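Notes to accompany the following structure.
Number of protein chains: 2
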Amino acid sequence: MANIKDIAKKAGVSTATVSRVLNGHPYVSERSRLAVEEAMRQLNYTPNSSAVHLKRGKTGVIAAIIKRIDHPFMSGLMQGIGEVALRKGYQIMVCQTRVQAQEELRFLHLLQTKQVDGILLEDMQNDWEKVAPYASSGPLVLVNSYEKKATVPMVYVNNYNGARQALLHLVKKGHRSIAVCLAKQKNAFCTVQWPRWQAYQDVLSEAGIEIDSRYIFENVSTGNVLAGKELFRTIREMSDKPTALFAGSDQVAAGFILEARRHGIRIPEDIAVVGFDDQPIAELMDITTVYQPIREMGEHASEMLFRLIEGLPVDQSVVEMPHRLVVRSTT
Amino acid sequence: MANIKDIAKKAGVSTATVSRVLNGHPYVSERSRLAVEEAMRQLNYTPNSSAVHLKRGKTGVIAAIIKRIDHPFMSGLMQGIGEVALRKGYQIMVCQTRVQAQEELRFLHLLQTKQVDGILLEDMQNDWEKVAPYASSGPLVLVNSYEKKATVPMVYVNNYNGARQALLHLVKKGHRSIAVCLAKQKNAFCTVQWPRWQAYQDVLSEAGIEIDSRYIFENVSTGNVLAGKELFRTIREMSDKPTALFAGSDQVAAGFILEARRHGIRIPEDIAVVGFDDQPIAELMDITTVYQPIREMGEHASEMLFRLIEGLPVDQSVVEMPHRLVVRSTT
DNA sequence: TTGAAAGCGATACCAA
DNA sequence: TTGGTATCGCTTTCAA
């Protein structure tokens with residue numbers, strides 16, 4: 460592969476001049492420019508990114524650390540991130556942790572090695588103390604994560620309030636046996652699951668309802684409609700069935716509802732269902748859910764990240780995005 | 460940020476020795492190793508990726524050029540790719556073309572600049588002549604693409620046969636007014652849409668059915684259930700309604716079915732529906748569909764790409780993955 | 001407007 | 001075992 464020296468030699472100029480042409484600098488004579496361009500064409504030259512990156516100290520790449528791409532929430536988020544990155548001329552590296560805290564740290568390491576100019580960290584799985592050291596080695600923004608101790612910008616939705624609203628709605632409708640789906644990791648520093656769990660406890664306690672552990676379903680894969688189907692089957696076997704379900708995602712809600720209806724269970728009469736996110740499927744199936752601006756969250760976080768990368772001040776560094784309960788026919 | 464020289468100085472050794480420690484080479488005395496490790500710890504040292512990449516001529520990154528991540532097919536594919544990349548210790552760059560042929564070329568350029576060690580190109584949008592030049596500058600594998608002229612490995616599903624099977628199934632069931640969803644770009648070199656369109660023409664022609672342009676729906680966004688809902692509304696307004704729909708995706712099929720049922724339309728009695736992919740939602744809603752091993756396609760393509768990257772021979776470079784019609788209750 | 005040359009930060013060959 | 005040093009390919013300052 461030809462390099463800048465080959466071009467310089469062929470064009471009869473110095474590498475400095477070639478570089479100038481490459482970067483559109485002024486002060487390059489028409490004659491030199493043409494000669495260089497001709498040489499580049501003839502030798503089919505393309506500059507080597509690694510060399511440029513090394514010299515510039517920038518890579519033009521950001522990393523998005525997410526749990527898994529195979530989930531509507533994440534792909535929606537990536538869509539938002541992609542939008543902004545495209546405008547900025549940046550590439551995106553997807554890093555899937557598969558909910559393994561260790562992997563998260565491994566990917567954060569990309570910031571230290573300067574393989575990326577910045578990182579978006581979705582739903583942080585590690586304690587801030589573990590993440591903090593990485594933050595000092597480059598731009599980092601938390602998305603769908605809230606961490607009081609963190610000193611970096613963050614964009615999130617208040618999951619406590621979101622869940623609370625949904626659960627209060629169910630309680631007001633008279634439900635006292637409310638099932639809930641939560642992921643296994645209810646770490647205190649987990650922005651999504653922990654607050655929802657807190658809201659569940661609070662709302663029930665305030666309503667004088669005792670928590671029934673049989674109604675708590677952990678490890679339900681939120682991105683997949685089949686998980687909802689399975690959940691229905693489990694609940695169906697129960698003697699004391701709940702009268703309402705806070706599904707935690709629209710996919711689970713949809714799967715549950717479809718399977719329930721197939722078995723002649725009426726929604727919401729026999730069991731009310733609330734989803735989360737307000738994905739297209741919730742609108743389609745007319746599912747009551749908690750809307751959250753996923754894509755916008757991705758966009759906003761990226762914008763903050765790029766300000767950091769560009770060395771600009773970030774005006775509001777802790778951003779709570781709005782959510783709202785969308786009441787439809789499943790409650 | 461500390462660099463290898465700082466470490467060398469602090470540890471009282473040469474950069475060569477530091478490099479040896481860094482790369483786990485033999486022939487480093489215990490004493491040197493400890494000194495270097497201690498220095499690295501004290502200075503909080505991390506090697507700079509760009510420098511390593513430049514020197515080694517490798518980046519440890521592959522690019523996946525896809526239409527958009529916000530689509531179950533793509534995220535499934537990415538999941539498969541991610542699996543293999545993880546095993547190989549590689550990072551993945553997602554490149555979304557948004558179905559713009561020009562963007563595809565822009566991303567292929569990453570291979571020339573050596574910003575990535577290889578590229579997976581999904582559903583190639585450009586004519587092979589345009590793509591070929593890039594192929595000569597590094598490892599390239601086509602996924603979900605078939606191109607006779609191409610000289611690089613490719614993994615795909617025979618969309619002609621898949622669509623044909625589905626359509627024949629409908630014809631056998633007695634349908635003669637069959638609607639079909641196709642994306643706008645039916646370029647001759649498009650692996651997905653063009654063959655399906657061909658199959659549609661062939662099957663109908665063989666059955667002596669004249670093609671009715673009103674039954675051809677272009678520009679239906681295949682990844683989104685709401686598109687299916689809208690499609691239903693459009694078809695509902697028609698005076699001569701089709702009796703069957705080849706939806707092109709499970710999402711569109713699902714949206715269509717749900718909306719149809721809401722309006723009291725019986726499936727399959729009033730209108731039969733066939734999806735494509737066999738996503739979880741197809742199983743859940745018991746939709747007849749054409750199964751294709753999306754994730755495996757991603758895995759297989761990645762494996763070929765890594766063989767190329769490692770300079771190993773690729774035994775079978777044109778791989779047709781199996782598909783099969785899954786008959787369920789919507790036909 | 002141009003070029004020489006000093007890096008950017010690591011790797012690895014060749015001697016010692 | 002170790003170190004000196006050339007090298008990867010490009011950018012940019014300093015002089016001319």
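Sequences listed follow chains B and H, in order. Counting in the working numbering, the first sequence runs from 460 upward without gaps. Counting in the working numbering, the second sequence runs from 460 upward without gaps. Where a beta carbon is used, it is the ideal one built from N, C-alpha and C, also for glycine. Predicted model, so just to flag it, every value in this text is computed and none were measured.
Helix, strand or coil for residue i, going by three-state DSSP, please let me know.
i	result
B/Ala609	coil
B/Leu771	coil
H/Ala560	helix
H/Ala816	The shown model of chain H, from 460 to 790, leaves out residue 816 of chain H, and the question about it has no answer.
B/Ala760	helix
B/Ala706	coil
B/Ile675	strand
H/Val487	coil
H/Val590	helix
B/Val651	coil
B/Val472	coil
H/Lys464	helix
B/Lys700	coil
H/Ala622	helix
H/Lys631	helix
B/Glu669	coil
H/Ser680	coil
H/Ser829	The requested residue 829 of chain H does not occur in the structure, where chain H is confined to residues 460 to 790.
B/Gln584	coil
Who are residue i's beta bridge partners in DSSP?
i	result
B/Met780	B/Val616
H/Gly429	Outside the displayed span of chain H (460 to 790) sits residue 429 of chain H, for which this structure offers no information.
B/Cys443	Only positions 460 to 790 of chain B appear in the structure, and residue 443 of chain B is not among them; the question remains open.
H/Val785	H/Thr748
H/Leu690	Its beta-bridge partners do not exist; DSSP assigns none.
H/Leu567	Partner(s): none; H/Leu567 has no beta bridge.
H/Leu599	H/Ile578
So with CB distances below 8 Å, who are the chain B contacts of residue i?
i	result
H/Met537	Ile528, Asp529 and Val553
H/Ala591	Per Cβ cutoff of 8 Å: no residues; H/Ala591 is ~13 Å from chain B at best.
H/Gly770	Within 8 Å Cβ-Cβ: nothing; H/Gly770 doesn't reach chain B, min ~16 Å.
Would you mind telling me which residues of chain H sit closer than 8 Å to residue i, beta carbon to beta carbon, in chain order?
i	result
B/Val684	Pro739, Ile740 and Leu743
B/Lys632	Simply none; closest approach about 23 Å.
B/Gly577	Correct list: empty, because the minimum Cβ distance to chain H is about 14 Å.
Under 7 Å between beta-carbons, which chain H residues line up against residue i? List them in chain order, please.
i	result
B/Ser534	Ile528, Asp529 and Ser534
B/Thr572	Thr505, Pro506, Asn507 and Ser508
B/Gly483	Ordered by position in chain H, no residue passes the 7 Å Cβ test against B/Gly483, which lies about 17 Å from the chain.
Identify the contact partners of residue i in chain B, using a Cβ-Cβ distance below 7 Å as the criterion.
i	result
H/Ala471	What sits at residue 471 of chain H in the sequence shown is Gly, not Ala. Residues of chain B passing the Cβ test: none, with the nearest at roughly 24 Å.
H/Gln431	No information on residue 431 of chain H is available, as it lies outside the stretch 460 to 790 that chain H covers here.
Which residues of chain H have a Cβ atom closer than 9 Å to the Cβ of residue i, listed in chain order?
i	result
B/Gln418	Outside the displayed span of chain B (460 to 790) sits residue 418 of chain B, for which this structure offers no information.
B/Gln775	Residues of chain H passing the Cβ test: none, with the nearest at roughly 27 Å.
Pull out every residue of the stretch 714-739 of chain B whose Cβ sits closer than 8 Å to any Cβ of chain H, in chain order. Gly714, Leu717, Glu718 and Pro739
Where are the beta strand (DSSP E) runs, 3 residues long or more, that stay fully inside the stretch 489-550 of chain B, in chain order? 520-525
Pull out every residue of the stretch 505-519 of chain B whose Cβ sits closer than 7 Å to any Cβ of chain H, in chain order. Thr505, Pro506, Asn507, Ser508, Ser509, Ala510, His512, Leu513 and Thr518
Which runs of the beta strand (DSSP E) spanning at least 3 residues fall entirely within the stretch 711-757 of chain H, listed in chain order? Runs found: 731-733 and 748-750.
Closer than 7 Å, Cβ to any Cβ of chain B: which residues of the stretch 672-703 of chain H, in chain order? Asn683, Val684, Leu685 and Lys688
Listed from N- to C-terminal order along the chain, which residues in the stretch 751-766 of chain B have their beta-carbon within a distance smaller than 7 Å of any beta-carbon of chain H? none
May I ask you to list, following chain order, the residues of the stretch 647-661 of chain B that have a beta carbon less than 8 Å from some beta carbon of chain H? none
Which of the residues in the stretch 555-567 of chain H, read from start to end, lie with their CB under 8 Å from any CB of chain B? Gln555
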